[in-house]
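Peer 1: Input: one structure, supplied below.
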Amino acid sequence: MELMPSKTPREAVTLLNADISQMSKVEQLKSESEGLFYVAGREKHSFAAELDALSAEQAETISNEAKEMSKHFGIYKQQEREASGRKRGDYIFMVRMKLPAGGELSPEQWQALNQAAERFANSTLRLTTRQGIQFHYVYGRNLGRLIRFINQEYPDRGYQMQTLGACGDMNRNTMCSPIDDLDPELPLDSRELAFEIARELAPRSSAYYQIFLTDDEGRTVAPMSTDEPIYGKHYLPRKFKVGIAHPRDNSIDVLTQDVGLVPIENGAVPTEYDLYSGGGLGVTHNMPHTQQLLGLYLGRVRREQVVETVKGIVIIQKENGERKDRRQARWKYTIRRLGPDVVKVMLRDRFGIEIKLAQPQPLPPVRFFHGWNREAGPEERYFLGVPVLSGRLKDEGDVRLRSAVTQIVSELELGVRITPNQDLLLCHIPAQRREWVDRTLAEHGVPAVQQISRVRRQSFACPAKPTCGLAMTDAENVLPSYIEALEREGLGDVDLLLRMAGCPNSCSRPPTAEVGIIGYGKNDHMIQVGGSREGGRIGKVLYERVPEDQMIPVLIGIFRAVRDHNSEGLPTGEFLDRMPLEELRQLIGRSK
């Protein structure tokens, strides 16, 4: 999509041409925080003071100024919402854990996460589309306790657990294909790059340590260190996302990243990576100057320069990104305002990055890896892809999925990885233990993969209402009813990738899905169709607004059209992209 011109064009407000008084309130709060240590409200005070009030149950929640700082620590202030959307329930928090490449979590780390969910949250673990983990319904008295519990020393398999940088205006979780080193035909080591990028772009300020991890005796009233050699005192204008695909798997949706990398298939250790930059799917309804955009191809970089390339782009964004209008602050707008050729010159002249002109290799498809898969390596070991509907890992009724996974991981000392499709991979299972794993899952009421419909395995949604403050509609809570209706109509095995989000921030990436649903207004949804399974195309808007009570008939119509009218046997995204929208609407039985 091309950017629409603004109604009132103006020069961007950046660190290079403006002072703090011209920037947004969020920018002012960050700059006055001294490395996220202080909250600059009516009276400047430490974030730790607000955390102490929560822990002592002297306050229900934190101030709005502290809310902006808390995101950098992986915390979202929330209030439970009624069906109408009004915030009238309990004050709660969502806490997100940063887990580069989706893990691999050790058995001890997995046990700790399960204990944390039971002791401090709502006894569920929410797997995210960025391969992280969220804790929901965390009450203020438990907030500090939860973060301290997560940050204890546990045996790890490459990266310690923490929440710092899981949200906020800095690099978020660095993604990587979950099968990067497991693929038996092409095992790579891009996960190591993901870990390097995450470490290089991690914030350096002592605030997180002082606020959350220091006991009362060690507490100080001033920051020990505010030094941020990459971010400076202003941090980034908005969040920043990095992902590394695999030549045979694009489950990370590489073109939706601020920086996306695809290794060149020339051996077990790629020497070069295709470089994409400037992707992002979040928009604001009815504001055409906000756009769903895919990353631009910049060329090819050597492996030894990948980390410096990402770091260079982060610094260019820090200096040149919009600091007044947060809707225009993402890197996807900055790179198009500067021009990709100018950015490449900056990377070359200032950071010494050599970007080679080349034809990008074809993007691989999004894959799910459900069921048993052989692992790379001389021993006969397997990884098991466990479908988790919308990433909500829980015990409910007769289906005790979380308990089953925990027992299997503990018994076999497995590694656990999170996929970008919000599923789990249980890794390194000996061949002779496969039958025991299947039996254990069955004993806990978990259906085998072949018993789960394709639409149920390939659909997911963001949490949305009643917890997310940005959500306009339900998503995770209503998706099961859509799936059940499709299954009742005999459409459960139509090969279609369905994603749903409760607002146009599109955390679950609906715009690149074959069918994407995005919350709009009080209880309506926008529907896009025709994204590609490779993530290289944004879907067309089929319906601007569909009321909730009409969603099931519309979805049934779309699935039937795919099943009954795709005579050429095209991939679903191709079929929906090629079909004229009016013709598709006629098949569905609902006009525009």
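Quick note: the sequence shown uses my numbering, first residue 1466, plus one each step.
Think of the CB as a built atom: it goes at the ideal place given N, C-alpha and C, for glycine as much as any other residue.
#1: Just curious, the alpha helix (DSSP H) that Tyr1798 is in, first and last residue?
#2: Lys1776 to Gly1817, Cα distance in whole Å?
#3: Tell me whether Asn1970 sits in a helix, a strand or coil according to DSSP, three-state version.
#4: In chain order, what are the residue ranges of uninterrupted beta strand (DSSP E) at least 3 long that sit wholly in the segment 1701–1750?
#5: Where does Pro1470 land, buried or exposed, given buried means 16+ other C-beta within 10 angstroms?
#6: Given that a residue counts as buried once 16 or more other Cβ atoms are within 10 Å of its Cβ, and exposed if not, what is Ser1486?
#7: Counting C-beta neighbours from all protein chains within 10 Å, is the total for Met1689 16 or more, i.e. buried, or is it exposed?
#8: I'd like to know if the segment 1743–1756 and the segment 1786–1804 are in contact, where contact means that at least 3 CB-CB pairs between them fall below 8 Å.
#9: Taking 7 Å as the cut-off, decide whether the C-beta atoms of Val1980 and Gly1957 are in contact.
#10: In three-state terms, what does DSSP make of Tyr1604?
#11: Nearest to Leu1993 by alpha carbon, out of Lys1987, Asp2014, Ser1971, Glu1999?
#12: Apply the 10 Å Cβ neighbour rule to Pro1643 and answer buried if 16 or more other Cβ atoms are within range, or exposed otherwise.
#13: Is the CB-CB distance between Val1771 and Leu1891 below 7 Å?
#14: In angstroms, rounded to a whole number, what distance separates the CA positions of Ala1586 and Pro1620?
#15: My output table needs one value for Ala1940: the three-state DSSP class, helix, strand or coil.
#16: For the candidate residues Ser1716, Asp1634, Tyr1985, whose alpha-carbon lies nearest to that of Phe1834?
#17: Can you check whether the CB of Gly1744 is closer than 7 Å to the CB of Leu1720?
#18: Does the separation of the CB atoms of Asp1939 and Ala1950 fall below 7 Å?
#19: Specify the secondary structure class of Pro1843 as computed by DSSP and reduced to three states.
#20: Is the beta carbon of Pro1829 less than 7 Å from the beta carbon of Arg1964?
#21: Which partner residues does Gln1576 have in the DSSP bridge list?
#22: Pull up the CB-CB distance for Val1881 and Gly1568, whole angstroms please, since I reckon it's below 8 Å.
#23: So, using beta-carbon positions, are Gly1995 and Gly2054 closer together than 7 Å?
#24: Going by beta carbon distance, what residues of the same chain come within less than 8 Å of Glu2058, once the five residues before and after it are set aside?
#25: Among the candidates Glu1900, Gly1850, Asn1579, Leu1906, whose CA atom is the shortest distance from the CA of Asp1436?
#26: Under 7 Å, do Glu1533 and Val1491 count as touching if we go by C-beta distance?
#27: Can you give the beta carbon distance from Asn1579 to Arg1867, rounded, assuming they're within the 8 Å contact cut?
#28: Enumerate in chain order the residues of its own chain whose CB-to-CB distance from Pro1827 is below 8 Å, with the five nearest sequence positions on each side excluded.
#29: Where do the N-terminal and C-terminal ends of the beta strand (DSSP E) with Met1559 fall, by residue?
Peer 2: On the basis of the data shown:
#1: Residues 1796–1803.
#2: Those two C-alpha atoms are separated by around 12 Å.
#3: DSSP places Asn1970 outside both helix and strand once states are collapsed to three, so it counts as coil.
#4: 1707–1709, 1724–1728, 1737–1742, all fully within the segment 1701–1750.
#5: Below a pLDDT of 50, predicted positions are generally treated as unreliable, and Pro1470, at 45, falls in that range; the measurement from the model is reported next regardless. With a 10 Å radius around the Cβ and a threshold of 16 neighbouring Cβ atoms, Pro1470 comes out exposed.
#6: Of the residues assessed, Ser1486 falls on the exposed side of the cut-off, its CB having fewer than 16 other CB atoms within 10 angstroms.
#7: Flag for Met1689 reads exposed.
#8: Yes, the segment 1743–1756 is in contact with the segment 1786–1804.
#9: The answer is no: Cβ separation not under 7 Å.
#10: In the structure shown, Tyr1604 sits in coil (DSSP, three-state: anything other than H, G, I, E or B).
#11: For the sequence presented, residue 1993 should be read as Gln rather than Leu. When each option's Cα is compared against that of Gln1993, the closest is Ser1971.
#12: Buried, because 16 or more other Cβ atoms sit within 10 Å of the Cβ of Pro1643.
#13: Cβ atoms of Val1771 and Leu1891: not closer than 7 Å.
#14: Near 23 Å, if we compare the C-alpha coordinates of Pro1620 and Ala1586.
#15: Three-state result, Ala1940: coil.
#16: Considering only alpha carbons, the answer is Ser1716.
#17: Yes; because the gap between Cβ atoms is below 7 Å, this pair is in contact.
#18: In terms of Cβ geometry, Asp1939 and Ala1950 do not form a close pair [threshold 7 Å].
#19: When DSSP states are grouped into helix, strand and coil, Pro1843 belongs to the coil group.
#20: With respect to Arg1964, Pro1829 sits apart: the two C-beta atoms are not nearer than 7 Å.
#21: Per DSSP, none; premise fails for Gln1576.
#22: Yes, they are in contact, since the Cβ atoms of Val1881 and Gly1568 sit about 6 Å apart, within 8 Å.
#23: With respect to the 7 Å criterion, Gly1995 and Gly2054 are not classified as neighbours on the basis of their beta carbons.
#24: Nothing can be reported for residue 2058, as the shown portion of the chain is limited to 1466 through 2057.
#25: Residue 1436 lies beyond the stretch modelled for the chain, which goes from 1466 to 2057, so this question has no answer here.
#26: Contact: yes.
#27: Contact flag correct, Cβ pair sits at about 7 Å.
#28: Taking Pro1827 as the centre and dropping the five residues before and after it, the same chain places the C-beta of Glu1999 closer than 8 Å to its C-beta, in chain order.
#29: Per DSSP, the unbroken beta strand (DSSP E) holding Met1559 starts and ends at 1552–1562.
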